[in-house]
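> Using the numbering used here, the first residue of the sequence shown is number 4, and each one after it goes up by one.
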Amino acid sequence: MKTALKILVFGTFFTFLFISCSGDDETDVLVKTGGSFEISELAGNWEATSASFNDGNMTSIDVVDEGGSVSLTVQSSGRFTLTIDPSDRPSYTTSGEMFWEEWEGKYYFAIEWADYPGDWDTYGATLSANTFSINGGFESGEYDFDNDGTFESASISFVFVKV
Numbered sequence: 004m005k006t007a008l009k010i011l012v013f014g015t016f017f018t019f020l021f022i023s024c025s026g027d028d029e030t031d032v033l034v035k036t037g038g039s040f041e042i043s044e045l046a047g048n049w050e051a052t053s054a055s056f057n058d059g060n061m062t063s064i065d066v067v068d069e070g071g072s073v074s075l076t077v078q079s080s081g082r083f084t085l086t087i088d089p090s091d092r093p094s095y096t097t098s099g100e101m102f103w104e105e106w107e108g109k110y111y112f113a114i115e116w117a118d119y120p121g122d123w124d125t126y127g128a129t130l131s132a133n134t135f136s137i138n139g140g141f142e143s144g145e146y147d148f149d150n151d152g153t154f155e156s157a158s159i160s161f162v163f164v165k166v
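1) Secondary structure at GLU145, three-state DSSP: helix, strand or coil?
2) Identify every residue that forms a DSSP beta bridge with MET101.
3) Within a Cβ cutoff of 8 Å, which residues of the same chain sit near PHE148, ignoring the five residues on either side of it in sequence?
4) On a CA-only basis, which of LYS109, ALA51, VAL164 is nearest GLY38? Give me that one, please.
5) If TYR126 and GLY139 are in contact, beta carbons under 8 Å, what's the gap, nearest whole angstrom?
6) Cα separation between SER80 and GLY47?
7) Can you look up SER43 in the DSSP assignment and give me helix, strand or coil?
8) Buried or exposed: TYR146, going by 16 or more other Cβ atoms within 10 Å of its Cβ?
9) Roughly how many whole angstroms lie between the Cα atoms of TRP123 and SER53?
10) For a test of the three-state rule: what should DSSP assign to LYS35, helix, strand or coil?
11) Buried or exposed: where does SER143 fall if 16 or more other Cβ atoms within 10 Å of its Cβ makes it buried?
12) In the DSSP assignment, find the beta strand (DSSP E) that holds GLY155 and state where it starts and stops.
13) Looking only at C-alpha atoms, which of ILE137, GLY99, PRO93, VAL77 sits nearest to TYR111?
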């Protein structure tokens, strides 16, 4: 009987502890409106005038300056396809979803890349007239700097114009 009582007391204690610690303390909400522009305003086709990748170790490349191209197609839902076509290797395509992360009353532009579902990064982003810019810190993107088939973490900076 003493063992059953101990199990009941400890079980109750651990249940209370689990419930009190497992609550969602996060206050972030993923939304399509509320930021400095509506995600639906990005809908359409975009062409990069600049597409820089920097590995943080003195290696930097601007795909457009090097003779390549970068295009972005965005749906009104925020789903997108990004095609990077460097001049020195085959093109590749990635996709994901753009949205605003609302956290403590502020909005941060965010991207969830299809290769990393459930995980998103925040970026600096501006939209004015027909120009869309995205800037991310270290590990906000990836690029195969040495063309060995392995993508390395990089910071990104893209400037697009609507086509």
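Using N, Cα and C, we set each Cβ at its ideal position, and we do this for glycine too.
The relevant details are as follows:
1) Here GLU145 sits in strand by DSSP.
2) ILE114
3) PHE56, ASP58, THR62, ILE64, GLU155, ALA157
4) LYS109
5) 4 Å
6) For SER80 and GLY47, the distance between alpha carbons rounds to 11 Å.
7) Residue state, collapsed to three classes: helix.
8) buried
9) 23 Å
10) coil
11) SER143 comes out buried.
12) The question names Gly, but residue 155 is Glu in the sequence shown. For GLU155, the enclosing beta strand (DSSP E) begins and ends at 155-165.
13) ILE137
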